[in-house]
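> One structure, pasted below without further comment.
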């Protein structure tokens, strides 16, 4: 069914009033190939008209923290896929808005890089307290990163279940081995497998 009326609002603001208030990162790291890592990272700050010196200071601090400072003057073509994804995530976070929409940002990463990025995202969330809508097909990733999980059906998507994640903050990867996390993962996997068979 296609909606024929209504609006989408964030903090009571709809349409053009929301422009620039959401940081978005798609599945593929859409970096500008003619710009260096540093230039790609500060792009959102440039759009917000943050003074260049301050923008570079903020970018360098996070490039160091994220292990990318040595690559600041590289172009995207010289980076691995995982590094390009981390640069794109860093750019999204540096946009420094109250709402981040992350569409499977770690899906293309190897297991260790993925885990590193998940831990980094938790640290960033602890620091900035942004609201994050994180889209993933990975139940363990959802359990680690979320305080609430919305399980969606196949197309057309509908909410099958809303689950509050009972793990305390600050989150640690070791919590995935807890009885609560294992039970939640098993329940969600069973629900998804049942939905897939329909």
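In the numbering used here, the protein residues as written are -7 to 190.
Each residue gets a CB set at the ideal place from its N, CA and C atoms; glycine is no exception.
Keep in mind the model is a prediction, meaning the values are calculated, not measured.
Rounded C-beta distance between residue 114 and residue 163? I'm assuming under 8 angstroms.
5 angstroms
> Quick one: residues in its chain with C-beta nearer than 8 angstroms to the C-beta of residue 28, no 5 flanking neighbours on either side, listed in chain order?
64, 65, 66 and 67
> Look up residue 94 in the DSSP assignment and give the residues it is bridged to.
Note: residue 94 sits in a beta bridge opposite 17 and 126.
> Measuring alpha carbon to alpha carbon, tell me which of 97, 156, 124 and 151 ends up nearest residue 130.
97
> Mind checking whether residue 127 and residue 102 have CB atoms under 8 angstroms apart?
no
> Give a single yes or no on whether residue 72 has its beta carbon closer than 7 angstroms to a heavy atom of the ligand NAD.
The model on display carries no ligand, and the ligand NAD is accordingly not part of it.
> Would you tell me roughly how many angstroms separate the C-alpha atoms of residue 169 and residue 175, rounded to the nearest one?
Spanning the two alpha carbons is a distance of roughly 10 angstroms.
> Just tell me which of 152, 61 and 165 has its CA closest to the CA of residue 184.
152
> Verify whether the separation of the beta carbon atoms of residue 157 and residue 141 is less than 8 angstroms.
yes
> Can you tell me where the beta strand (DSSP E) holding residue 156 begins and where it ends?
It spans 151 to 156 - the beta strand (DSSP E) in which residue 156 sits, taken as one unbroken run.
> Report the rounded CA-to-CA distance for residue 38 versus residue 44, giving the unit in angstroms.
7 angstroms
> Can you name the residues that DSSP bridges to residue 142?
154
> Just to confirm my understanding: we take residue 48, look at its own chain, exclude 5 residues before and 5 after, and list those with CB closer than 8 angstroms. What are they?
30 and 34
> Could you tell me the distance, in whole angstroms, from the CA atom of residue 22 to the CA atom of residue 100?
13 angstroms
> Give the DSSP-derived three-state secondary structure of residue 64 in the structure shown.
coil
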